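In UniProt numbering, the protein residues as written are 1 to 63.
Beta carbons: idealized from backbone N, C-alpha and C, even for Gly.
Remember, it's a predicted structure, so these values are computed and weren't measured experimentally.
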């Protein structure tokens, strides 16, 4: 769990820093640092579902 928290903190820091550097707006930087990981989590869920289906189909073909 420590590694996950560490990665999340790094992710938030990078997202905030990049958004702030690109916009110069601390509010936009903060909003993007919070919104982007949420969107990324949803996308990751569907990405995993896609790969699970692909692996399942490959296993069926191998039989």
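Item: With distance defined between alpha-carbon atoms, name the residue in 8, 27 and 63 nearest to residue 40.; Value: 8
Item: Three-state secondary structure (DSSP) at residue 88?; Value: Residue 88 cannot be examined here, being either before or after the span of the chain that is shown, 1 to 63.
Item: Beta-carbon within less than 7 Å of residue 33's beta-carbon, same chain only, minus the 5 sequence neighbours each way: which residues are those?; Value: 12, 15, 16 and 19
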